[in-house]
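Since the structure comes first, as structure tokens, the remarks are kept for the end.
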Amino acid sequence: MEQYNHAVNLIREGDYQEAVAQLNKVIAQEKRHSGAYYHLSVARYKMKALDGAVAAINKAIDFEPLNADYFAHRGIILHMQKRSKSALLDFDKAVKLEPSNPYRYSSRAFIKANMKDTDGAIEDYKKAIELDPDDAIAHNNLGLIQEQKGAWDQAQEHYKKSNDLVGYEGLNPEKQEVDDLLKDWKKEKEAQEAEQKRIIEENKKQLLAEQQKVQSEGYWGIVKSVFTDKQVFKEFIDFIKNGFKLPGNKDK
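Start counting the sequence shown at 15; every next residue gets the next number (this note's numbering).
Shown next, in the form of structure tokens:
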């Protein structure tokens, strides 16, 4: 168990190569360890080794066929491989396994929207909102699809709800374009991640504690762009609110 937990921490730190090595050792000792196969898939996915990621998650599903997280994870990989029809089947399975989980519907909506099934995506986002009326991402993404369909009034209602939920009043007038904001955000995030990686090498234990603190506290969210991860959603609004700067390590 200690070796498995260590491997999971390595993934959090971004040391995917070593995580794979450790997880393979865990699997050698316990061949039906579904969690080890799942995290092996996660590590390979992060390394962009998608075929290996699929092979590993297939094993996890074989050993634990009622785990909705496993099907959702495989669905993401299949979608990245441009196998969206197969991905949708996995998200259907995740919904069937957890019909009261709003995230299952919003995840499937993302896939449907990419497959140009806008009506299906709208239906799923509405179901997600029905189950979790305070899901700012679902409101935001539903508004985006409704805007694309020309339902301006409905879209604005959901944008407003999303903004209200994250306590956000609007874009800086000097930076109106969301695409420009995203580019600025991603550029700074890459620089920050590079600095974090350097710090990891200097003091891995200290950084892990800081990362866990960030995960427990969370950040703010994003506006008028399709996102699926709530923490990423929250980071972007914080970036805008704080003068287009991400929080540095000294702020944690």
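Idealized CB from N, CA, C, for every residue including glycine.
Predicted model only: the values in this text are computed from it and were never measured.
The stretch 81-110 contains, as complete alpha helix (DSSP H) runs of 4+ residues, the segments 82-94 (chain order). Under the three-state reduction of DSSP output, Glu137 falls in the helix class. Counting only residues of its own chain and dropping the five nearest sequence neighbours on each side, Phe105 has a CB closer than 8 Å to the CB of Phe85, Ala86, Gly89, Arg118, Ser121, Arg122 and Ile125.
Counting only residues of its own chain and dropping the five nearest sequence neighbours on each side, Gln162 has a CB closer than 8 Å to the CB of Thr132. Restricted to the stretch 27-67, not a single beta strand (DSSP E) segment is unbroken, complete and at least 3 residues in length. Beta-carbon to beta-carbon, Ala57 and Val34 are separated by about 5 Å, close enough to satisfy the 8 Å threshold. In the structure shown, Ala165 adopts coil according to DSSP, grouped into three states. Between the alpha carbons of Ala150 and Pro116 lies a gap of roughly 12 Å. Note on Ala152: 16 or more other CB atoms within 10 angstroms of its CB, so buried under the neighbour-count rule. Secondary structure of Asp146 (DSSP, three-state): coil.
By the criterion of a C-beta distance shorter than 6 Å, Gly66 is surrounded in its chain by Arg58, once the five residues flanking it on both sides are discounted. Going by C-alpha positions, Ile143 is about 10 Å away from His172. Of the residues Gly181, Glu207, Gly157 and Ile25, the one whose Cα lies closest to the Cα of Gln170 is Gly157. DSSP places Lys130 outside any alpha helix (DSSP H), giving it a letter other than H or E. Setting aside the 5 residues that flank it on each side, Lys175 is surrounded in the same chain by His153, each with a C-beta closer than 6 Å to its C-beta; the list follows chain order.
Ranking His53, Met15 and Gln43 by CA distance to the CA of Asp29 puts His53 first. Setting aside the 5 residues that flank it on each side, Gln168 is surrounded in the same chain by Gln160, each with a C-beta closer than 6 Å to its C-beta; the list follows chain order. With 16 or more other CB atoms across the displayed protein chains lying within 10 angstroms of its CB, Gln36 is buried. Under the three-state reduction of DSSP, Asn155 is assigned to helix. Straight-line measurement puts the Cα of Met61 at about 40 Å from the Cα of Trp166. When only Cα atoms are considered, Leu111 and Val68 end up about 20 Å apart. A direct Cα-Cα distance of roughly 46 Å separates Ala50 from Gly164. Taking C-beta separations shorter than 6 Å and ignoring five residues to either side along the sequence, the partners of Leu24 in its chain run Glu32 and Ala33, following chain order.
Note on Leu80: under 16 other CB atoms within 10 angstroms of its CB, so exposed under the neighbour-count rule.
Cβ-Cβ separation between Ile75 and Ile91: approximately 12 Å, too far for a contact (criterion under 8 Å).
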